[in-house]
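Visitor:
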């Protein structure tokens, strides 16, 4: 009798663990808080307008847990135009990951373009974009966008996302 109860408990435990593992695997990336990010992305462009459908665009999607603050920093290490070069920063209050390796072209984001807001800030060679996201009582997702600056030369950006201090 004790062996039967032990067997039933073991089977139930395995089923519960299996269901928990399965449920965790089907949660989309936008529903999982981003722990940290660090990557470098590069590109070149001849045009700076979102409305031109082929402008190379860089995006950083992330999710912040409830009651958490995350600091995003985008540091330009190489900019066409040197210290006179710049690119605007835009934020989408949602998780968008429709490109490859954090790059896309502007026409890829046309479906959400009306929901993308300007931050009124720019990334410059010696002036990074730094912003803290979060502090909400619920899980929040964001995607930060900026176009590759024009000039036909390579631009390089180092992106970090880490818990805010």
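Residue numbers (the numbering used here): -18 to 146. Backbone N, C-alpha and C fix where the C-beta goes; we use that ideal spot for every residue, glycine too. Every value quoted in this text rests on a predicted model; they were computed, and no experiment measured them.
Report the partner residues of residue 51 according to the DSSP bridge assignment.
Guide: Beta-bridge pairing links residue 51 to 114, 144.
Visitor: Nearest to residue 37 by alpha carbon, out of 145, 133, 141?
Guide: Closest option to residue 37, Cα to Cα, is 133.
Visitor: For residue 27 and residue 79, what's the separation of their Cα atoms in angstroms?
Guide: Taking the straight line joining both Cα atoms gives about 22 Å.
Visitor: Report yes if the C-beta of residue 115 is less than 6 Å from at least one heavy atom of the ligand MG; otherwise report no.
Guide: Here there are no bound small molecules, and the ligand MG is not part of this structure.
Visitor: Residue 41 to residue 63, Cα distance in whole Å?
Guide: Each residue's Cα considered, the two are about 23 Å apart.
Visitor: Identify every residue that forms a DSSP beta bridge with residue 136.
Guide: For residue 136, which the question treats as bridged, DSSP gives the partners 24.
Visitor: Have a look at residue 144 and residue 52 and give me their C-alpha separation to the nearest angstrom.
Guide: So the two alpha carbons sit approximately 6 Å from each other.
Visitor: Under a three-way DSSP split, which group does residue 99 fall into?
Guide: Residue state, collapsed to three classes: strand.
Visitor: In the DSSP assignment, the beta strand (DSSP E) including residue 39 goes from what residue to what residue?
Guide: Start and end: 37 to 45.
Visitor: I believe residue 131 touches residue 56 by the beta-carbon criterion, under 8 Å. Please report the beta-carbon distance rounded to the nearest angstrom.
Guide: 20 Å between Cβ atoms; not a contact.
Visitor: Just to confirm, is the Cβ distance from residue 70 to residue 127 under 7 Å?
Guide: Yes.
Visitor: I need the straight-line Cα distance from residue 147 to residue 103, nearest angstrom please.
Guide: The structure shown does not extend to residue 147, since the chain is modelled only from -18 to 146, so the question has no answer here.
Visitor: DSSP three-state call for residue 106: helix, strand or coil?
Guide: Correct three-state label for residue 106: coil.
Visitor: Mapping DSSP to helix, strand and coil, what is residue 74?
Guide: Of the three classes helix, strand and coil, the one that applies to residue 74 here is coil, per DSSP.
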